[in-house]
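Here is the structure we will look at, set down as C-alpha cells.
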Ligand code: SAM
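In this note's numbering, the protein residues as written are 220 to 556.
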C-alpha cells in the first residue's frame, strides 16, 4: 500500500494507508536516563547506544526539517531523559527555527529541570509533560531506583515560575497504588494548576513485561476516583490519546491513557525517531526505517523525504500488546517514550 501525499493549501500531508494523518514526531535525543523506573529500564542496565551512533544536532535538524516539509508540525523531545543530553537548549533553538514546526514540547522526569527550565523556555519549549508516579519520597526512590523526589518538585515549581503551560503530570498506575496515592498527586496537581494524566503499564521490553504483574485497568481507577470526586466527561483535547474527565463543579480535568484496556490506534498520528536515527512506525511493533546510514551516506533531501513517505506507507494498523505481549523487545527508554 502507498502513503498518500495530499497537498492542502500550505503544506503537504503524510497520510498512512489507514487514512491517519501523521503530523507528530516524537524525537528521542538520548536513550540514557538518570532514573531506573522498574517498568522502563532493568536494574543495572548499561547497554546504551554508543555516542558515535547518536544522531548529531545537524542530523536531527535535517530529519526534522524533512518531516516539517511533509506536514509534521508537532515535535516532542523525549528519551531516555532528554535533559541529560548536553546542550539540549541549543537543539531546541535549532528545531524551533524550522519552518512548519509550530509546537515543540518536552517529556522529562524533571530531576534536572530546575537548572535548565529557563534556557529551554527561552529556546522555544512551551509545553512540558513530567513523569511523577507518587508523592511519597520513599516510594518514589523505590519506583525510580533511587531517584530524589525533591528534585522533581523543584523542577516542577521552576517550570511553573518560568511560564511553561500547560504542565502535565504523567502518573503510571500500578496495582499497588493506593487511593491515598492518587489523592495526594491529584490534590498537588489541582493546587498547582497542573493537568494530571494516568497511564496504563505497557509490556515494552523486559522491564515493561516484568511490570505487567502491576498492570491495572484505568477503568478501575476511574471508578475508585468517581466514588470520591464525581467525574463527568471533560472537554479537553490535547491532540494525543488521553480521554479526559472533569471533577464536577471545577475546571480540573484528569486524563486517562489506556493503551491496553482501550487502545487508540485508530487515531494514531505519530512516529518516533530514536537517538541512533531509527524511525519506529509504531510503539508496539518492530516496523522501522534506519535513517542514520542513509544520512551518513549522503542522501539528498528529496530522497530523504521519499524514504519517509515510503516508511509511512508501512505504518502498522495497531499494536498487539494484548495479543503478543512478548513481541516488543525494545525497552521504552530506547524507543523514545
Ligand atoms: N524521561 C522522560 C520522562 O520521564 O517523561 C521521557 C521518557 S519516558 C520513557 C516517557 C514516559 O514513558 C514516562 O511517562 C514513563 O513513565 C513512561 N513509561 C516508561 N515505560 C513504560 C511502560 N512500560 N508502560 C507505560 N509507560 C511507560
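Heads up, the beta-carbon is just placed ideally off N, CA and C, and yes, glycines get one too. As the structure is a prediction and not an experimental result, all values here were calculated from the model.
Annotation: residue 384 is outside any beta strand (DSSP E) and is labelled neither H nor E by DSSP.
Within the DSSP secondary-structure output, residue 465 pairs in a beta bridge with 451 and 472.
Judged by DSSP secondary structure, residue 245 falls outside any alpha helix (DSSP H) and instead within the beta strand (DSSP E) spanning 243–247. Within the stretch 369–436, the alpha helix (DSSP H) runs of at least 4 residues that lie entirely inside it are, in chain order, 398–411 and 424–429.
The beta carbons of residue 416 and residue 476 sit closer together than 8 Å.
For residue 294, the shortest separation between its Cβ and any heavy atom of the ligand SAM does not lie below 7 Å. Look at the beta carbons and you see the stretch 281–289 not touching the stretch 298–305: under three pairs across the two are nearer than 8 Å. The C-beta of residue 454 has fewer than 16 other C-beta atoms within 10 Å across all chains shown, which makes the residue exposed. Closest in alpha carbon position to residue 236, among 549, 534, 254 and 269, is 534. Here residue 329 is buried, its C-beta having at least 16 other C-beta atoms within 10 Å.
In this chain, the beta strand (DSSP E) harbouring residue 297 covers 293–297. In the displayed model, residue 258 falls within coil according to three-state DSSP, outside both helix and strand. No Cβ-Cβ contact shorter than 8 Å links residue 436 with residue 243.
At the C-beta level, residue 356 and residue 375 stay beyond 8 Å of one another. It is roughly 10 Å from the alpha-carbon of residue 381 to the alpha-carbon of residue 339. Of the other Cβ atoms in all chains shown, fewer than 16 fall within 10 Å of the Cβ of residue 397; this residue is therefore exposed.
Exclusion of the five residues before and after residue 315 leaves 323 and 343 as the residues of its chain whose Cβ lies within less than 6 Å of its Cβ. Scanning 513, 532, 503 and 521 for the CA closest to the CA of residue 545 turns up 503. DSSP places residue 326 in the strand class (E or B) of the three-state scheme. The stretch 512–528 makes no contact with the stretch 252–268, as fewer than three CB pairs between them are under 8 Å.
Cβ contact annotation for residue 511 (same chain, cutoff 8 Å, sequence separation greater than five): 272, 274, 278, 495, 496 and 497, in chain order.
DSSP lists 389 as the beta-bridge partner residues of residue 350. Residue 418 has its Cβ nearer than 7 Å to a heavy atom of the ligand SAM. Closest in alpha carbon position to residue 444, among 429, 422 and 467, is 467. Here residue 325 really is in contact with residue 296; their C-beta atoms are around 5 Å apart, less than 8 Å. For residue 497, no alpha helix (DSSP H) segment is defined; the enclosing uninterrupted segment is the beta strand (DSSP E) at 497–499. Here the alpha carbon of residue 531 sits roughly 14 Å from the alpha carbon of residue 245.
Using a 10 angstroms sphere on the CB of residue 515, the tally of other CB atoms stays under 16, which defines it as exposed.
Each residue's CA atom was taken as its position, placing residue 331 and residue 370 some 7 Å apart. Judged by their CB atoms, residue 420 and residue 434 are nearer to each other than the 8 Å cut-off.
In the DSSP annotation of this structure, residue 549 is not part of any beta strand (DSSP E), being labelled neither H nor E.
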